[in-house]
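Here is the structure we will look at.
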Amino acid sequence: MSESLTPSVKLADLAERFWSFQCREFPMLGIQAGVATRDAVLMRESPSDHARRYAAAARFLLELDRISTDRLTAQDRVTHRLLRREFDELRVFYELRAHQRPSLYPMGPEFLTTFFSNTVAISQVDGAQLYADRLATIPSFLSELIENLADGHAAGFRYPKRVLECASRAVRASLAGPDDALPWHGPFKRTTLTASAVDNAASRARLIVREQIVPAFEAYAEFLEGPLSANARDSLSCTDSPDGEAFY
Numbered sequence: 001m002s003e004s005l006t007p008s009v010k011l012a013d014l015a016e017r018f019w020s021f022q023c024r025e026f027p028m029l030g031i032q033a034g035v036a037t038r039d040a041v042l043m044r045e046s047p048s049d050h051a052r053r054y055a056a057a058a059r060f061l062l063e064l065d066r067i068s069t070d071r072l073t074a075q076d077r078v079t080h081r082l083l084r085r086e087f088d089e090l091r092v093f094y095e096l097r098a099h100q101r102p103s104l105y106p107m108g109p110e111f112l113t114t115f116f117s118n119t120v121a122i123s124q125v126d127g128a129q130l131y132a133d134r135l136a137t138i139p140s141f142l143s144e145l146i147e148n149l150a151d152g153h154a155a156g157f158r159y160p161k162r163v164l165e166c167a168s169r170a171v172r173a174s175l176a177g178p179d180d181a182l183p184w185h186g187p188f189k190r191t192t193l194t195a196s197a198v199d200n201a202a203s204r205a206r207l208i209v210r211e212q213i214v215p216a217f218e219a220y221a222e223f224l225e226g227p228l229s230a231n232a233r234d235s236l237s238c239t240d241s242p243d244g245e246a247f248y
């Protein structure tokens with residue numbers, strides 16, 4: 001049956017499936033785009049996550065190659081080229097081990113999770129519970145990030161000293177002040193809901209922040225200041241790392 005579909009229909013179907021794939025693999029992307037999801041995970045950053053996306057990109061590319069551009073409209077040809085670029089980038093980024101040398105400053109994990117919290121509006125009871133569930137996944141994300149960074153360091157990747165200093169300061173700053181002032185409490189402080197279930201979710205969130213998120217960020221900051229700072233370089237250019245020219 002698929003053979004009877006026009007190239008345009010096949011392309012549209014591929015593009016739609018790739019968008020669903022992106023929302024699943026990069027949950028923050030879907031959440032910020034307004035895609036309704038009950039997925040509690042905010043970041044999928046384990047080595048197996050990156051390997052899975054690499055393999056999936058190869059399959060997407062094979063499928064794209066089977067779609068002839070001869071009968072496509074000008075708009076569809078643009079979509080075809082954009083999809084190829086997306087699939088190629090997923091492959092190349094993995095081959096260059098970009099996940100083992102991610103951006104740490106200014107858009108490090110403390111920025112990303114704070115940005116997420118600042119954009120959340122709790123307007124329903126189940127939204128309060130889902131937000132608490134999502135907070136509970138942040139420590140795992142930080143553990144995965146540390147694992148990737150450790151693998152990259154072992155492979156010879158070195159960050160600039162200045163970047164590591166700024167990154168660790170940013171993390172420490174995000175943890176400063178009284179517990180209630182921490183950014184991850186923001187959605188509960190802004191909501192107008194008064195249901196007991198919301199209060200229970202807020203109490204659970206406070207426990208998660210205090211006992212899981214804060215210690216996880218402290219461990220991450222210590223990793224930046226300790227193991228990852230070993231042999232850190234004075235230069236700022238990423239081209240001074242292995243495969244730096246290609247990575248740039």
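According to our numbering, the sequence shown is numbered sequentially starting from 1.
Note that beta-carbon positions come from the ideal geometry of N, C-alpha and C, so glycine has one too.
Straight-line measurement puts the Cα of residue 97 at about 18 Å from the Cα of residue 43. Across the structure, residue 105 and residue 27 are spaced so that their CA atoms are roughly 21 Å apart. Residues 183 and 186 of the same chain have their beta carbon placed closer than 8 Å to that of residue 118, with the five preceding and five following residues left out of the count. Residues of the same chain with a CB within less than 6 Å of the CB of residue 229, apart from the 5 flanking positions on each side, are 164 in chain order. DSSP assignment within the stretch 24–111 yields no whole beta strand (DSSP E) run of 3 residues or more. When Cβ pairs closer than 8 Å are counted between the two stretches, the stretch 195–208 is seen not to touch the stretch 148–165, the count staying below three. Using a 10 angstroms sphere on the CB of residue 77, the tally of other CB atoms stays under 16, which defines it as exposed.
With respect to the 7 Å criterion, residue 90 and residue 64 are not classified as neighbours on the basis of their beta carbons. DSSP places residue 178 in the coil class of the three-state scheme, outside both helix and strand. Only exposed fits residue 226, as fewer than 16 other CB atoms lie within 10 angstroms of its CB. Beta-bridge analysis with DSSP links residue 210 to no other residue.
Distance between residue 129 and residue 200, taken at the CA atoms: about 9 Å.
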